[in-house]
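Residue numbers for the sequence shown follow my numbering, so the first one is 4 and each next one is one higher.
Think of the CB as a built atom: it goes at the ideal place given N, C-alpha and C, for glycine as much as any other residue.
It should be emphasised that the depicted structure is a prediction, and the values quoted were computed from it without experimental measurement.
Heads up, the thing below is written out as structure tokens.
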Amino acid sequence: AINDTEFYEKTLQGTREGKAWLQKEVDNLGCTSYSSQTNFFLIDVKGDATALYEAMLHKGVIIRSMKAYGYTNVIRVTVGTTEENQRFINTLKDCLQELGYVS
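Pasting the structure below:
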């Protein structure tokens, strides 16, 4: 598996495409995404990240609040499969509206 460069390149490309799509969708929701060179990125959700974490966890989606690092309005999200990414965006949209972070 370590020498399977085709799989590696396919995975890397899928992650890049997934992250680009996620960041565009997040920005369209009124949040601010911050890119990285990794398979995760940060999002300023314009409200309490811990409350958002709890709301999303209640709906079965796990994110990471960055409050422990001094960023009370920021979450960290890992890029997943196309289906996981879509579920994340749908749940994020619902929770942001429920919490009143976006209109």
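In terms of residues, what are the limits of the alpha helix (DSSP H) holding residue i?
i	result
I66	Counting along the chain, I66 falls outside any alpha helix (DSSP H), and DSSP gives it neither H nor E.
V82	It is not in any alpha helix (DSSP H) - V82 carries neither H nor E in the DSSP assignment.
G17	T8 to N31
Y56	A52 to H61
The beta strand (DSSP E) that contains residue i, what's its start and end?
i	result
D47	F43 to D47
Tell me the DSSP bridge mates of residue i?
i	result
V77	D47
Y37	L45
List the whole-angstrom C-beta distance separating residue i from residue j, where the pair is believed to meet the contact cut-off of C-beta under 8 Å.
i	j	result
A54	L102	6 Å
Y56	I78	7 Å
S68	A52	4 Å
F43	Y37	Going by Cβ atoms, the distance from F43 to Y37 rounds to 11 Å, so no, they are not a contact pair.
Reducing DSSP to helix, strand and coil, say where residue i ends up.
i	result
I5	coil
Y72	helix
Quiz prompt | Sufficient close CB pairs (3 or more, under 8 Å) joining the segment 83-90 to the segment 20-30 | solution = yes
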